[in-house]
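K.L.:
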Amino acid sequence: MNNPIKSVSNTEKQSKESRKFVLVLAISIAALILAEATLAFPDRPLWIKLVVVFAHVPFTIFAAIYGWRFLKKLDELQRLIHMQAFIIGITGAGTILLSYSLLMSAGLIAGEMTWLFWSLLWLFYSVGHRLVSRRY
Amino acid sequence: MKNRLKILRAEKDWSQADLAERLKVSRQTVNAIEVGKYDPSLPLAFSIARLFGRRIENIFIDGELK
Numbered sequence: 009m010n011n012p013i014k015s016v017s018n019t020e021k022q023s024k025e026s027r028k029f030v031l032v033l034a035i036s037i038a039a040l041i042l043a044e045a046t047l048a049f050p051d052r053p054l055w056i057k058l059v060v061v062f063a064h065v066p067f068t069i070f071a072a073i074y075g076w077r078f079l080k081k082l083d084e085l086q087r088l089i090h091m092q093a094f095i096i097g098i099t100g101a102g103t104i105l106l107s108y109s110l111l112m113s114a115g116l117i118a119g120e121m122t123w124l125f126w127s128l129l130w131l132f133y134s135v136g137h138r139l140v141s142r143r144y
Numbered sequence: 036m037k038n039r040l041k042i043l044r045a046e047k048d049w050s051q052a053d054l055a056e057r058l059k060v061s062r063q064t065v066n067a068i069e070v071g072k073y074d075p076s077l078p079l080a081f082s083i084a085r086l087f088g089r090r091i092e093n094i095f096i097d098g099e100l101k
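Those protein sequences? They're chains A and B, same order as listed.
The number in my numbering is simply the position in the first sequence, starting from 1, with 8 added.
The number in my numbering is simply the position in the second sequence, starting from 1, with 35 added.
(1) Whose Cβ in chain B lies nearer than 8 Å to the Cβ of leucine 85 of chain A?
(2) Using a Cβ-Cβ cut-off of less than 9 Å, list which residues of the region 82-96 of chain B approach chain A; keep chain order.
(3) Looking at chain B, is there any beta carbon in it that lies within less than 7 Å of the beta carbon of tyrosine 144 of chain A?
(4) What would DSSP say about lysine 37 of chain B, mapped onto helix, strand or coil?
(5) Rounded to whole angstroms, what is the Cα-Cα separation between aspartate 51 of chain A and leucine 40 of chain A?
(6) Taking C-beta to C-beta, are alanine 67 of chain B and leucine 85 of chain A nearer than 7 Å?
(7) Please report the distance separating the alpha-carbon of methionine 91 of chain A from that of isoleucine 96 of chain B.
(8) Which word fits asparagine 93 of chain B, buried or exposed, when buried means at least 16 other C-beta atoms lie within 10 angstroms of its C-beta?
(9) DSSP beta-bridge partners for phenylalanine 95 of chain B?
(10) Anyone know if the C-beta pair for glycine 136 of chain A and isoleucine 96 of chain A falls short of 7 Å?
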């Protein structure tokens, strides 16, 4: 049999990359929530706030480079799956946040929306990716 | 869209992973094309045709054509 296949197939590589991408996304959101929580207290010294803000600069650069390299490695179907998962993520997070903001405007609940947005985006994106992948 | 990819692959005695590696796509993509769940882009369709030494219309069947 004509078989020049290497030990690790494209599918395995891309699944590994997808898992890494979801992990990077989760770490990004955790870092953002942590930063939000740190900056939320007005009595924090200025230097702590500056450290928190500037600590995000290299992280943001890393996330941007990693995201770009990740996209370049995907084949056309994988890109389609991620795009559809992202649409599900944005739609799901947006729909819930709309209701949340209405309740906030009505004074029924109080809270911070940033961490909620990112958490919901991550949740819906992950679920969406799994659902869309199953379709193909 | 229907296609003859599975037959052509079998003729060459390639697995889906073999074909995926040659086309530089994932095995999931090859499987999705074979079962008709995903229609490849024109560049990928040309790559497939080139790999099997056939014309695109010999591999992919236009369902609209009578």
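Every residue, glycine too, gets a C-beta built ideally from N, C-alpha and C.
No experiment lies behind these values; they were computed from the predicted model shown.
P.N.:
Taking the coordinates as given:
(1) The contact set of leucine 85 of chain A on chain B, defined by CB atoms closer than 8 Å, consists of Val60, Ser61, Gln63, Thr64, Ala67, Tyr73 in chain order.
(2) The region 82-96 of chain B vs chain A, Cβ under 9 Å: nothing.
(3) yes
(4) strand
(5) 19 Å
(6) yes
(7) 27 Å
(8) exposed
(9) B/Asn38
(10) yes
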